[in-house]
Amino acid sequence: MRHPLLLATVLCALLTACEAQAWKPMELKSSITHPQPMTGLVLWPGEARQRHQTYGETIQLEFSYCLPCKVVKGCRDDGTIEYDWSWFDSILDDVSSRGHQLIARFRYEYPSSRDVDGNRGTTAVPDYIKQRDDYSETFADNPNDGPTWYADWSNAELQRFTLQFYTDFAKRYAHDARLAFLEAGFGHWSEYHIYATPLELGKNFPSKAFQKEFFEHMSTVMTDIPWAVSVDAGDSHYSPVPDDSTLLALRFGAFDDSFMHKGHELSSGGGFNERCWQHIGKEACWQTGPCGGEISYYSRNDQKSFLSPDGLYGHTWEEQAAKYHITFMIANDAPRGGIATPERFREGSMATGYRFVVKKCETNGAATRLLVTNEGIAPIYRDAWFAVGETRSSTSLRGLLPGEERWVEIPAKGSNIHIVSDCILPQQTIEFEANINLKKTLFLRNNRTTGKKRNGMATP
6 MRHPLLLATV
16 LCALLTACEA
26 QAWKPMELKS
36 SITHPQPMTG
46 LVLWPGEARQ
56 RHQTYGETIQ
66 LEFSYCLPCK
76 VVKGCRDDGT
86 IEYDWSWFDS
96 ILDDVSSRGH
106 QLIARFRYEY
116 PSSRDVDGNR
126 GTTAVPDYIK
136 QRDDYSETFA
146 DNPNDGPTWY
156 ADWSNAELQR
166 FTLQFYTDFA
176 KRYAHDARLA
186 FLEAGFGHWS
196 EYHIYATPLE
206 LGKNFPSKAF
216 QKEFFEHMST
226 VMTDIPWAVS
236 VDAGDSHYSP
246 VPDDSTLLAL
256 RFGAFDDSFM
266 HKGHELSSGG
276 GFNERCWQHI
286 GKEACWQTGP
296 CGGEISYYSR
306 NDQKSFLSPD
316 GLYGHTWEEQ
326 AAKYHITFMI
336 ANDAPRGGIA
346 TPERFREGSM
356 ATGYRFVVKK
366 CETNGAATRL
376 LVTNEGIAPI
386 YRDAWFAVGE
396 TRSSTSLRGL
406 LPGEERWVEI
416 PAKGSNIHIV
426 SDCILPQQTI
436 EFEANINLKK
446 TLFLRNNRTT
456 GKKRNGMATP
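The working numbering puts the sequence shown at residues 6 to 465.
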């Protein structure tokens, strides 16, 4: 019995060796020529529409505030929320018509805004809640930003609705390629603060108990839509997040709507923003959730100057984008200055997010395998696959961190190697870098196998 067993063992070893030898290098050339989908600098729809001819190809994303009251029409006796999503769909259609995806942020409070009913500071809470006898909003003149009405967070139906709204939103838009990311939160602009108005947790701002429930709920329902909250949720005065290890472990990103302002960094002597970044994700939330925000409006020139080669307040855009692993950043006013030319804006966009590079490409005649790395500053947060023609790999590129490598195998052979994703628009393309020269690859492999000696030592 020993001899047949030995023979089988030898045959298995030979077959394994033959299989390994069957993989042969393939030549592959590809380059990245434009900002990648779901990354880059961001314009508002109005600006994007106006500047489409000159800046349309420098961006992939647009941003818009969104109002719950515009899509909610009522509530049935059994608690079912009645919707008309046409208002939101029209925003998605407008943005996607330019080949861009939307970053949406739903909000209740916006100081001085007339967007809801023409009156300053009206909340975007649905009317059916406002009409309840047990619902009572508060008002503040808010000397910093103007008149503001505040949602009544003591009301149980407002709390229930808020959770149910995001459940229903996720069911409808989880696989809608017109939507890239969702931003969520509370307070002014959903930025997790109500500066200049006295804070009353459980009244004009959600209680910390409800906030915890909200984060846990979002983590459950937003499994397919990458979502983010303001870095101000790292302020324990407002938020339970920095003191709760279970919340810190959830998968969400962060946005900073005063990015690169004069006192942003701890080294500046201020550092509130940088401290919040540290508190909200222990500097690692970017690994599982998209990070971005908006260039500061603290000075009228911040947005117009942040792309300067000399930087802003001692820091360049590329430096700060890399430090905070930025995937997207609103810079709506930048084109209005003289620095952010279309070419410079494109460069600024390409300094964000992921950047896929193929280091090896091999085939065994029936399949193709690639060794892929990410030379960007953040991962891609939605699924994307390498493919040959219509045949995809089984391994997604989602979550491939900067500097990491991942083998990807496609059960097909061919030269039409590209990246596909169900999460981008038909007009969009995810590119990759590759400069694999077949002759050079074979030369290096032959050198390794022949073991030529240099200085009396065999080469590895």
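Even for Gly, the Cβ is constructed at its ideal location relative to N, Cα and C.
Since this is a predicted model, take the numbers as computed values, not measurements.
Note down, one range per segment and in chain order, each alpha helix (DSSP H) of at least 4 residues found wholly within the segment 165-226. 213-226
Determine, using beta carbons only, whether K364 and I441 come nearer to each other than 9 Å. Mapped onto the sequence shown, residue 364 falls at position 359. Mapped onto the sequence shown, residue 441 falls at position 436. Taking 9 Å as the Cβ cut-off, K364 and I441 qualify as a contacting pair.
Given that a residue counts as buried once 16 or more other Cβ atoms are within 10 Å of its Cβ, and exposed if not, what is R341? As a working note, residue 341 is residue 336 in the sequence shown. Classification of R341: exposed, given that the 10 Å Cβ count is below 16.
Contacting residues, own chain, Cβ-Cβ under 8 Å from S354 (five flanking each side not counted): Sequence index remark: in the sequence shown, residue 354 carries index 349 (1-based). If we look at S354 and ignore the five residues flanking it on each side, its Cβ neighbours are P40, T44, G45, L46, T63, I64 and Q65.
Span of the alpha helix (DSSP H) holding L97? For this step, residue 97 is matched to residue 92 along the sequence shown. From DSSP, the alpha helix (DSSP H) with L97 extends over S91 to S101.
Should D138 be labelled buried (16 or more other beta-carbon atoms within 10 Å of its own) or exposed? Indexing the sequence shown from 1 puts residue 138 at position 133. Exposed, since its Cβ has fewer than 16 Cβ neighbours within 10 Å.
Give me the DSSP bridge partner(s) of E438. As a position in the sequence shown, residue 438 is number 433, starting the count at 1. V362, per the DSSP bridge assignment.
According to DSSP, residues forming a beta bridge with N379: As a working mapping, residue 379 is identified with position 374 in the sequence shown. N379 pairs with F361.
Using the Cβ count rule (16 or more neighbours within 10 Å means buried), how would you classify A326? Here residue 326 refers to the residue found at position 321 when the sequence shown is read from its first residue. Burial call: buried.
So, I424 versus V393, is the Cβ gap smaller than 9 Å? Position 419 of the sequence shown, counting from 1, holds the residue named residue 424. Position 388 of the sequence shown, counting from 1, holds the residue named residue 393. It is not a contact, given that the beta carbons lie outside the stated cut-off.
Hey, how far is the Cα of G316 from the Cα of F264? In the sequence shown, residue 316 corresponds to position 311, counting from 1. In the sequence shown, residue 264 corresponds to position 259, counting from 1. Going from the Cα of G316 to the Cα of F264 covers about 13 Å.
Which residues mark the beginning and the end of the alpha helix (DSSP H) in which C428 is found? Within the sequence shown, residue 428 is the residue found at index 423, counting from 1. No alpha helix (DSSP H) holds C428; DSSP gives it neither H nor E.
Helix, strand or coil at P30 [DSSP, three-state]: Mapped onto the sequence shown, residue 30 falls at position 25. P30 falls in the strand class under three-state DSSP.
Taking DSSP's pairing of strands, which residues face A53 in a bridge? Looking up residue 53 in the sequence shown gives position 48. Answer is none; A53 lacks a bridge partner.
6 Å Cβ shell around P295 - same chain, five flanking residues per side excluded: Reading the sequence shown from its first residue, position 290 is the one you call residue 295. Closer than 6 Å at Cβ, skipping near neighbours: F186, P231, A233, G258, T332 and Y386.
C-alpha distance - V121 paired with N160, whole-angstrom precision: Residue numbering aside, residue 121 sits at position 116 when the sequence shown is read from its first letter. Residue numbering aside, residue 160 sits at position 155 when the sequence shown is read from its first letter. If I take the Cα positions, the gap works out to 21 Å.
Can D237 and H269 be called in contact, C-beta distance under 9 Å? On the sequence shown, residue 237 is found 232 positions in, with the first residue counted as 1. On the sequence shown, residue 269 is found 264 positions in, with the first residue counted as 1. For D237 and H269, no; Cβs fall outside 9 Å.
If I follow the unbroken alpha helix (DSSP H) through S250, where does it start and stop? For the purposes of this step, residue 250 is taken as the residue at position 245 of the sequence shown. Unbroken alpha helix (DSSP H) run through S250: S250 to L253.
My guess is that L163 and Y140 are in contact by the Cβ rule of under 8 Å, so how many angstroms apart are they, rounded? Indexing the sequence shown from 1 puts residue 163 at position 158. Indexing the sequence shown from 1 puts residue 140 at position 135. Sure, about 7 Å apart at Cβ, within 8 Å.
Taking the Cβ atom as the reference point for each residue, do P245 and H284 lie within a distance shorter than 9 Å? For the purposes of this step, residue 245 is identified with residue 240 of the sequence shown, where counting begins at 1. For the purposes of this step, residue 284 is identified with residue 279 of the sequence shown, where counting begins at 1. No, the pair does not count as a contact, with Cβ atoms beyond the cut-off.
Report all residues from its chain with a CB closer than 6 Å to the CB of P465; omit the five preceding and five following residues, and keep chain order. Within the sequence shown, the letter at position 460 stands for residue 465. Residue confidence for P465 is low, a pLDDT of 32 falling below 50, so the modelled location carries little weight and cannot support an answer.
Going straight from the alpha carbon of F191 to that of R112, what length do you get? Along the sequence shown, one-based indexing puts residue 191 at 186. Along the sequence shown, one-based indexing puts residue 112 at 107. Roughly 7 Å between the two C-alpha positions.
Near A25, which residues of its chain fall below 7 Å by C-beta distance, leaving aside the five closest residues on each side in sequence? Walking along the sequence shown from the start, residue 25 turns up at place 20. Residue confidence is low: A25 scores 49 on pLDDT, short of 50, so the model does not pin down where it sits. Its coordinate-derived value is still stated next. Taken in chain order, the list of residues that qualify is empty.
Report buried or exposed for T378, applying the criterion of at least 16 other Cβ atoms within 10 angstroms of its Cβ. The residue given as residue 378 occupies position 373 in the sequence shown. Answer is buried; the Cβ neighbour count reaches 16.
Go ahead and label H330 buried or exposed: buried means 16 or more other beta carbons lie within 10 angstroms of its beta carbon, across all protein chains shown. Position 325 of the sequence shown, counted from the first residue, corresponds to residue 330. Answer is buried; the Cβ neighbour count reaches 16.
Assuming L443 and E32 form a contact by the criterion Cβ under 8 Å, report the distance between their Cβ atoms to the nearest whole angstrom. The count along the sequence shown starts at 1 and reaches residue 443 at position 438. The count along the sequence shown starts at 1 and reaches residue 32 at position 27. That belief holds up - the Cβ atoms of L443 and E32 are roughly 4 Å apart, short of 8 Å.
Per-residue DSSP class, three states only, for W322: Here the question's residue 322 lines up with position 317 in the sequence shown. Note: W322 maps to helix in three-state DSSP.
Exposed or buried, which one is K176 when buried takes at least 16 other CB atoms within 10 Å? Residue 176 sits at position 171 when you count from the first residue of the sequence shown. Exposed is the call here.
Separation of F361 from E279, as counted between CA atoms: The count along the sequence shown starts at 1 and reaches residue 279 at position 274. The count along the sequence shown starts at 1 and reaches residue 361 at position 356. So the alpha carbons of these two residues sit roughly 28 Å apart.
Cβ of R110 within 9 Å of Cβ of C71? If you number the sequence shown from 1, residue 110 lands on position 105. If you number the sequence shown from 1, residue 71 lands on position 66. Yes, the pair counts as a contact, with Cβ atoms nearer than the cut-off.
Backbone secondary structure at Q58 - three-state DSSP: Taking the first residue of the sequence shown as 1, we reach residue 58 at position 53. Helix at Q58.
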